[in-house]
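Comments concern the structure below.
There are 2 protein chains.
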Amino acid sequence: MLNYSASEENYIKAIYRLQRQDGTVTTNELAHELKTKPASVTDMMKKLKLKKLLRYQPYQGFRLTQEGGKVALGIIRRHRLWEYFLAEKLKFTWDEVHEVAEDLEHVSSKKLIDKLDEFLGFPRVDPHGDPIPDAHGRMETSKKIILTELPAGTPAVVSNVINQSTAILELLEHKKIIIGTRLEVKKKFEFDESLEIRIGRQPAFTISHQLAENIFVQLV
Amino acid sequence: MLNYSASEENYIKAIYRLQRQDGTVTTNELAHELKTKPASVTDMMKKLKLKKLLRYQPYQGFRLTQEGGKVALGIIRRHRLWEYFLAEKLKFTWDEVHEVAEDLEHVSSKKLIDKLDEFLGFPRVDPHGDPIPDAHGRMETSKKIILTELPAGTPAVVSNVINQSTAILELLEHKKIIIGTRLEVKKKFEFDESLEIRIGRQPAFTISHQLAENIFVQLV
DNA sequence: AAAATTATTTAGTTTTGTCTAAATAATTTT
DNA sequence: AAAATTATTTAGACAAAACTAAATAATTTT
Ligand SMILES: [Mn+2]
Ligand SMILES: [Mn+2]
Ligand SMILES: [Mn+2]
Ligand SMILES: [Mn+2]
């Protein structure tokens, strides 16, 4: 597998993420995601097409090729292993890891990453609950549902938090919700879409729709 | 302290290393050290001068300013901490650490490095025996002498190996010489400048001038 | 179906870091 | 002290990655 520049890697990773949702990715979406200009996206897309990492016809959207997908998984593996390292070994808080991992992910020594993986004990998920691809690019694909769509009375476990800001971390810490927390929705209120939830045998409490939207759970 | 590009950092580090030896650094020396062309060096020197990291008059040599020296120590700190991490935690061998650290050193989060330092237990020297600057840029300055200049009969401890190749590591492992080994020169042979040395109470053995040149020791 | 709006691409610049070839300065040899 | 050699700088080009402004294509509104 060839080596790509940090810039190319950031584009590849963004396309991978966006195409999970929409199937195909547009110029404007990418420009917005990467905080760059549409014209810059077009330039880079031509380059990545030439390198056979993606397919696209002018004015249609982009899609990674099989090879492009493999490259993306490699970058995501590096990113999430570093995040795990920062949180677990260096005691970074949850909201601090992403920014640093955004740089570390571009150091591409295969040996470094495989040894790091081993040192960390082959973790399956990063500090936000996102799965870490293994050395062959395989990763866990457990069915996760948004907390807002969990039916009342169904026990579930928090598996993933999307938003990685300091603000959401503060709130989650206050509410004592972390990845792995087992909870149940008691009631859904139509007016403001807030949820009443219960953790274990503790008294139930309320969380806002905005918060619930960012929490994914798995059925148990 | 501002942020510098990987390229600028590699130049700064190289100047720092070379000026330790010669006091001042020339265009050709730098070009050779960095495997680049003299014209590229001149370009970069203008840039670093503009940023007040070095002093130079055309056709004289270069010297880092005080600020330039501080920046250099920061890069060296990152480089050596990563080398220590790779060797100690990830079990890289001695000859493999430098190349990877050459990339990792350019990830410049201060918090990352200070936490890494703490995680590693504030190590004083990297795997080759070179001192690691602390968070304030201070580092050990123990007097080291080349093994070829150690007088016969004076006990000393191996503190440092300059050459970092796989080849020298193989030889040192075979001879059971590592950093920290206590030894004594028994005899120096004029003909080929080979040395007879003894480790502890074991039988004495011979090492070549080429090998001895790359080993530094400290008196005990 | 035209017109208006929105999305995307193209054209032309800019910055950073590199290179080759040519010019000039400094040093060494004769 | 010239001449020859070596070191350094300058001039001009190039590639990567970004940007702005203008052109064009696609979509939506009227
Ligand atoms: Mn992340
Ligand atoms: Mn990144
Ligand atoms: Mn090194
Ligand atoms: Mn480097």
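Chain order of the listed sequences is L and A.
If you use the numbering used here, the first sequence corresponds to residues -14 to 205, in order.
If you use the numbering used here, the second sequence corresponds to residues -14 to 205, in order.
Virtual Cβ for every residue (Gly too), placed ideally from N, Cα, C.
{"Asked": "Pop quiz: A/K100 and L/L75 are said to be a contact at Cβ under 8 Å. What is the actual Cβ separation, rounded to whole angstroms?", "Found": "4 Å"}
{"Asked": "Quick one: which unbroken alpha helix (DSSP H) runs of 4-plus residues sit fully inside the segment 143 to 179 of chain A? Chain order, please.", "Found": "151 to 160"}
{"Asked": "According to DSSP, which residues form a beta bridge with A/L39?", "Found": "A/L49"}
{"Asked": "Quick one: residues in its chain with C-beta nearer than 8 Å to the C-beta of A/G114, no 5 flanking neighbours on either side, listed in chain order?", "Found": "V143, S144, N145, V146, I164 and F201"}
{"Asked": "What residues are listed by DSSP as bridge partners for A/R183?", "Found": "A/E169"}
{"Asked": "With a Cβ-Cβ cutoff of 8 Å, do L/E52 and L/K37 count as a contact?", "Found": "yes"}
{"Asked": "Taking the alpha carbon of A/R256 as the point to measure from, which residue in A/T133, A/K129, A/R109 and A/I130 has its own alpha carbon closest?", "Found": "Residue numbering for chain A in the displayed model covers -14 to 205; residue 256 of chain A lies beyond these limits and cannot be assessed."}
{"Asked": "Please list the partners that A/L35 has in chain L, where partner means a Cβ-to-Cβ separation under 8 Å.", "Found": "The premise fails here: A/L35 is roughly 25 Å from chain L at the closest Cβ pair, so nothing lies under 8 Å."}
{"Asked": "Span of the alpha helix (DSSP H) holding L/F104?", "Found": "K95 to F104"}
{"Asked": "By alpha-carbon positions, which one of L/L66, L/T151, L/E18 and L/H91 ends up nearest to L/E103?", "Found": "L/L66"}
{"Asked": "Tell me the DSSP secondary structure of L/V202 in three-state form.", "Found": "strand"}
{"Asked": "Rounded to a whole number of angstroms, what is the C-alpha to C-alpha distance between L/A24 and L/D119?", "Found": "35 Å"}
{"Asked": "Give the secondary structure of L/F107 by DSSP, where H, G and I count as helix, E and B as strand, and everything else as coil.", "Found": "coil"}
{"Asked": "Give a yes or no on whether the minimum CB-CB distance between A/V56 and chain L is below 8 Å.", "Found": "no"}
{"Asked": "A/K128: buried (16+ other C-beta within 10 angstroms of its C-beta) or exposed?", "Found": "exposed"}
{"Asked": "Is the shortest distance between the beta-carbon of L/F107 and the beta-carbons of chain A less than 8 Å?", "Found": "no"}
{"Asked": "Assign L/V26 to one of three DSSP states: helix, strand, or coil.", "Found": "helix"}
{"Asked": "So, with DSSP's three-state summary, where would you put A/F190?", "Found": "strand"}
{"Asked": "A/V10 bridges to which residues according to DSSP?", "Found": "A/F47"}
{"Asked": "Please report how far the alpha carbon of A/E125 lies from the alpha carbon of A/D111, in whole angstroms.", "Found": "12 Å"}
{"Asked": "How many whole angstroms separate the CB atoms of A/T78 and A/L154, which I take to be in contact at a CB cut-off of 8 Å?", "Found": "7 Å"}
{"Asked": "Using a Cβ-Cβ cutoff of less than 7 Å, which residues in the same chain neighbour A/K171 once the five nearest sequence positions on both sides are dropped?", "Found": "A137, E181, I182, R183 and A189"}
{"Asked": "On the criterion of 16 or more Cβ atoms from any shown chain inside 10 Å, does L/N(-5) qualify as buried, or is it exposed?", "Found": "buried"}
{"Asked": "Secondary structure at A/A57, three-state DSSP: helix, strand or coil?", "Found": "helix"}
{"Asked": "Check each residue of the segment 60 to 93 of chain A: if its Cβ is closer than 9 Å to any Cβ of chain L, include it; give the result in chain order.", "Found": "L71, K74, L75, K76, F77, E81, E84, V85, D88, L89, H91, V92 and S93"}
{"Asked": "Give every residue of the same chain whose Cβ lies closer than 7 Å to the Cβ of A/L98, excluding the five residues on either side of it in the sequence, and list them in chain order.", "Found": "Leu is not the amino acid found at residue 98 of chain A; the sequence shown has Ile there. Answer for A/I98: R62, R63 and L66, listed in chain order."}
{"Asked": "Would a check of beta-carbon distances place L/L180 closer than 8 Å to chain A?", "Found": "no"}
{"Asked": "Going along chain L, which residues have a C-beta under 7 Å from A/L101?", "Found": "L75"}
{"Asked": "Would the beta-carbon of A/A86 be found less than 7 Å away from any heavy atom of ligand 3?", "Found": "yes"}
{"Asked": "Cα-Cα, which of L/S179, L/N148 and L/L135 is closest to L/L204?", "Found": "L/L135"}
{"Asked": "Can you tell me whether L/A141 is helix, strand or coil according to DSSP?", "Found": "strand"}
{"Asked": "Taking only the alpha-carbon atoms, compute the straight-line gap between A/P140 and A/K173 and give it to the nearest angstrom.", "Found": "15 Å"}
{"Asked": "What are the partner residues of L/P116, as DSSP defines its beta bridges?", "Found": "L/V110"}
{"Asked": "Under 7 Å: does the beta carbon of A/E68 sit that close to some heavy atom of ligand 4?", "Found": "no"}
{"Asked": "Using only alpha-carbon positions, find the residue among L/V82, L/G59 and L/L15 that is nearest to L/F70.", "Found": "L/V82"}
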